[in-house]
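Beneath this line is the structure, given in structure tokens, with notes to follow.
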Amino acid sequence: MPHIYDQDRFQTEPSAVLLDLDNTLYPFEPAHSAAESEVLAMAAQQMGLAVKHVRAAFSQARQDVKKRLGPVASSHNRLLYFSRGIESLGRKAQPLLALTLEQTYWNVFFQNIRLFDDVILFLTALKGSGIPICLVTDLTAEVQYRKILFLELENYFDYIVTSEDSGRDKPDPASFRLALELLQIPPERVWMIGDNPQTDIDGGRASGLTTLLKKNGPFMSASQAHLDFDRFADLHKFMRDRKWVLY
Ligand SMILES: [Mg+2]
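Numbering follows this note's numbering, with no gaps: position 74 of the sequence shown is 102.
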């Protein structure tokens, strides 16, 4: 069952729910691993190089892009990682190859993307009880919208806020602020649900939200969440037992 760290925050139902996407509604790693393997094999074959050399170059390019851009949506753009990686291998700019690798990455990623258990149950219960839902996610809008379509989640959200919209990745307050502006409600009694203790939980707390940590994924560090849970079925039961959702 969910573990509650601050009872006062859970006296009534939420007035709205903000939701992270990656590693909160679906596991990132299986889809990413499949996509990355395919891209590295394709790039190595196209450039006549060993996979390990391409992997090292692309990994370094990713670190360089992230360091240069800082916490903004374009710092997650794989087209930039692949372009810089190809150039760093001495092959000059190759926009066709970079675009082909990027399209391949996402095609394989989307073929391997699966929701966590009971996400639909949870979202349906919120929607059926009139609780507004806003997705708050870091990355460019196009990629995140395509994930939503492949996950068949297009009918559940009242609003979608990406860090491309807000200008800054979480934990910066920009995305939380934009979500609250769109919902036209104050942060009290708004839940932020995410898997990342720093960006979702610390960031959400700093913006005055009630924070719920989905315990999974790569993040193991201590969290300041007001509540944490393992499975959406458990969070759904917690809400249904209190009659905050109708079914
Ligand atoms: Mg996440």
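The C-beta atom is built at its ideal place from N, Cα and C for all residues, glycine as well.
Computed from a predicted structure; not experimentally measured.
Straight-line Cα distance separating residue j from residue i
i: serine 203; j: valine 189; result: 6 Å
i: serine 116; j: asparagine 135; result: 25 Å
i: phenylalanine 38; j: aspartate 228; result: 18 Å
i: leucine 167; j: aspartate 197; result: 8 Å
i: leucine 97; j: arginine 112; result: 14 Å
i: asparagine 224; j: leucine 124; result: 35 Å
i: aspartate 34; j: threonine 239; result: 10 Å
i: glutamine 139; j: aspartate 36; result: 42 Å
i: lysine 94; j: arginine 270; result: 44 Å
i: tyrosine 133; j: glutamine 88; result: 18 Å
i: arginine 142; j: alanine 63; result: 14 Å
i: glycine 195; j: glycine 232; result: 17 Å
i: leucine 181; j: leucine 210; result: 19 Å
i: lysine 80; j: phenylalanine 86; result: 10 Å
i: serine 65; j: arginine 268; result: 42 Å
i: proline 199; j: glycine 118; result: 37 Å
i: methionine 75; j: leucine 206; result: 44 Å
i: leucine 237; j: histidine 254; result: 10 Å
i: alanine 153; j: glutamine 122; result: 48 Å
i: alanine 44; j: leucine 274; result: 16 Å
i: leucine 127; j: leucine 107; result: 7 Å
i: glycine 222; j: aspartate 48; result: 5 Å
i: aspartate 193; j: proline 214; result: 20 Å
i: valine 82; j: leucine 129; result: 12 Å
i: valine 1; j: glutamine 73; result: Nothing can be reported for residue 1: it is not among the residues displayed for the chain, which extend from 29 to 275.
i: methionine 220; j: alanine 69; result: 39 Å
i: aspartate 90; j: lysine 155; result: The question names aspartate, but residue 90 is arginine in the sequence shown. Using only the alpha carbons, I get a separation of about 38 Å.
i: alanine 169; j: serine 102; result: 10 Å
Element boundaries [alpha helix (DSSP H), containing residue i]
i: valine 45; result: Not the alpha helix (DSSP H): valine 45 falls in the beta strand (DSSP E), residues 44-47.
i: methionine 267; result: 260-269
i: phenylalanine 38; result: That residue, phenylalanine 38, is in no alpha helix (DSSP H); it is neither H nor E in DSSP.
i: threonine 152; result: 147-156
i: threonine 128; result: 123-139
i: tyrosine 275; result: Element bounds for tyrosine 275: n/a, residue is neither H nor E.
i: serine 203; result: 201-211
i: serine 111; result: 106-116
i: arginine 233; result: 231-234
CB contact flag (residue i, residue j, <8 Å)
i: leucine 179; j: leucine 53; result: yes
i: serine 235; j: valine 100; result: no
i: valine 171; j: leucine 46; result: no
i: serine 251; j: leucine 263; result: no
i: proline 30; j: aspartate 230; result: no
i: leucine 151; j: tyrosine 187; result: no
i: threonine 40; j: arginine 217; result: yes
i: proline 58; j: phenylalanine 144; result: no
i: aspartate 146; j: arginine 259; result: yes
i: histidine 60; j: phenylalanine 137; result: yes
i: alanine 261; j: leucine 77; result: no
i: asparagine 244; j: asparagine 51; result: yes
i: isoleucine 176; j: proline 42; result: no
Host beta strand (DSSP E) of residue i (start-end)
i: valine 218; result: 218-222
i: phenylalanine 257; result: 255-257
i: leucine 241; result: 238-242
(request) Ignoring anything shorter than 3 residues or poking outside the region 65-100, list the beta strand (DSSP E) runs there in chain order. (result) none
(request) Enumerate, from N- to C-terminal direction, the unbroken beta strand (DSSP E) stretches of 3 or more residues contained entirely within the region 166-198. (result) 187-190
(message) Strictly closer than 6 Å from CB to any heavy atom of ligand 1: give me those residues in the order they appear in the chain.
(response) Asp48, Asp50, Asn51, Thr52, Gly222, Asp223, Asn224
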